[in-house]
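Q:
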Amino acid sequence: EGQVNVTLRPRQPGSSIKVFDYGQLFAQRSGTNYGPGSILPDKDISSIYGAKLYNYDGRFFGNIPIREALGNSRNPPAVQAAYVAGIDNVINLSRDMGDHSYCVGEDYGLSAAIGGCHVRQVEHVNAYASIARGGVYKQESYILDVKNAQSQVIKQWKDQSKKVMDPQVAFMLTDILT
3 EGQVNVTLRP RQPGSSIKVF DYGQLFAQRS GTNYGPGSIL PDKDISSIYG AKLYNYDGRF
63 FGNIPIREAL GNSRNPPAVQ AAYVAGIDNV INLSRDMGDH SYCVGEDYGL SAAIGGCHVR
123 QVEHVNAYAS IARGGVYKQE SYILDVKNAQ SQVIKQWKDQ SKKVMDPQVA FMLTDILT
């Protein structure tokens with residue numbers, strides 16, 4: 003009837019996806035490890051990205067801490083974070099956190115690091131809730147229980163929580179976002 007529920011419609015999340023670039027970069031692994039104080043350059047990275055990449059203000063800040071890069075939504079550091087962490091790893095983390103439809107069936111490349119794919123808004127909100135829960139994913143639910151006329155529970159939601167992110171990483175991201 004001409005009405006669209008935009009929360010269920012696939013839409014580009016824009017810069018709000020960047021939190022997962024850094025979440026994957028902060029994950030412990032062999033080699034160099036990163037944290038909020040690690041430095042990434044905010045500069046022209048067309049050699050990595052394959053095209054000219056700008057920030058919303060058209061400027062570059064030079065070498066900046068990740069905390070500042072995420073806090074100011076700088077594009078080149080986010081793409082570099084996804085490049086170092088592996089864009090497929092970033093997408094998988096995003097999906098594990100709740101963005102199940104992000105980049106599904108799309109040819110994304112590094113543009114996914116700055117919101118170049120589509121996701122349902124309800125999923126994206128739940129992915130952020132997973133960060134707030136210390137890296138614990140819970141499937142979104144709109145109905146907690148169904149009762150009959152005698153108030154007997156016929157069906158009830160069961161908590162099937164799953165730890166998908168190191169709580170320390172979730173804490174670092176939450177701290178930056180504050």
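Counting with the working numbering, you get residues 3 to 180 for the letters of the sequence shown. The beta carbon of each residue, even a glycine, is placed where N, CA and C say it ideally should be.
What I want to know is whether the C-beta of Glu-125 ends up closer than 6 Å to one or more non-hydrogen atoms of the ligand FAD.
A: As presented, the structure is devoid of all ligands, the ligand FAD included, so that no description of it is given.
Q: If you reduce the DSSP assignment to three classes, tell me which class Asp-101 lands in.
A: Within the sequence shown, numbered from 1, the residue matching residue 101 stands at position 99. Correct three-state label for Asp-101: coil.
Q: Since I believe Ser-96 is in contact with Ala-129 (beta carbons under 8 Å), could you give me their beta-carbon distance rounded to a whole number of angstroms?
A: Locating residue 129 in the sequence shown gives position 127, where the first residue counts as 1. Locating residue 96 in the sequence shown gives position 94, where the first residue counts as 1. That pair is a contact at about 6 Å.
Q: Taking only the alpha-carbon atoms, compute the straight-line gap between Tyr-144 and Ile-178 and give it to the nearest angstrom.
A: If you number the sequence shown from 1, residue 144 lands on position 142. If you number the sequence shown from 1, residue 178 lands on position 176. Their backbone Cα atoms lie some 30 Å apart in a straight line.
Q: For Val-171, which residues in the same chain have their Cβ closer than 7 Å to its Cβ, ignoring the five residues on either side in sequence?
A: Here residue 171 corresponds to residue number 169 of the sequence shown, with the count starting at 1. Taken in chain order, the residues that qualify are Gly-25, Phe-28, Ala-29, Gly-137.
Q: Ser-113 to Trp-159, Cα distance in whole Å?
A: As a position in the sequence shown, residue 113 is number 111, starting the count at 1. As a position in the sequence shown, residue 159 is number 157, starting the count at 1. Using only the alpha carbons, I get a separation of about 37 Å.
Q: Between the C-alpha atoms of Arg-69 and Leu-10, what's the straight-line distance to the nearest angstrom?
A: Residue mapping note: residue 69 aligns to position 67 of the sequence shown, counting from 1. Residue mapping note: residue 10 aligns to position 8 of the sequence shown, counting from 1. Their backbone Cα atoms lie some 31 Å apart in a straight line.
Q: What whole-angstrom Cβ distance do Asp-161 and Lys-140 have, given they're in contact under 8 Å?
A: Taking the first residue of the sequence shown as 1, we reach residue 161 at position 159. Taking the first residue of the sequence shown as 1, we reach residue 140 at position 138. So it is a contact: roughly 7 Å between Cβ atoms.
Q: With DSSP as the reference, identify every bridge partner of Asn-65, one or two as the case may be.
A: Against the sequence shown, residue 65 aligns to sequence position 63. In DSSP, Asn-65 forms a bridge with Pro-43.
Q: If you count every other CB in all the chains shown that lies within 10 Å of the CB of Val-155, and 16 or more means buried, which is it?
A: By 1-based counting over the sequence shown, the position of residue 155 is 153. Result: exposed.
Q: Would you report the Cα separation of Asn-2 and Val-81, rounded to the nearest angstrom?
A: Past the edges of the chain, shown from 3 to 180, lies residue 2, and the structure says nothing about it.
Q: Compute the Euclidean distance between the alpha carbons of Val-8 and Leu-146, then round it to the nearest angstrom.
A: Counting from one through the sequence shown, the residue named residue 8 turns up at place 6. Counting from one through the sequence shown, the residue named residue 146 turns up at place 144. Rounded to the nearest angstrom, the two C-alpha atoms are 23 Å apart.
Q: So Ile-50 and Asn-65 are in contact, right, with Cβ under 8 Å, and what is the actual spacing, rounded?
A: Residue numbering aside, residue 50 sits at position 48 when the sequence shown is read from its first letter. Residue numbering aside, residue 65 sits at position 63 when the sequence shown is read from its first letter. Rounded, the Cβ-Cβ distance is 16 Å, inconsistent with contact.
Q: Report all residues from its chain with a CB closer than 8 Å to the CB of Val-166; omit the five preceding and five following residues, and keep chain order.
A: For this step, residue 166 is matched to residue 164 along the sequence shown. Closer than 8 Å at Cβ, skipping near neighbours: Leu-95, Asp-98, Met-99, Ser-132, Gly-137, Val-138, Tyr-139.
Q: At what residues does the beta strand (DSSP E) containing Gln-123 begin and finish?
A: Stepping through the sequence shown from its first residue, residue 123 is reached at position 121. That residue, Gln-123, is in no beta strand (DSSP E); its alpha helix (DSSP H) goes 123-134.
Q: Measuring only the C-alpha atoms, how far is Gly-117 from Ser-153?
A: What you label residue 117 is simply residue 115 of the sequence shown in a count that begins at 1. What you label residue 153 is simply residue 151 of the sequence shown in a count that begins at 1. Approximately 45 Å between the Cα atoms of the pair.
Q: For Ser-75, which residues in the same chain have their Cβ closer than 6 Å to its Cβ, ignoring the five residues on either side in sequence?
A: Working through the sequence shown from its first residue, we reach residue 75 at position 73. Contacts found: Ser-17.
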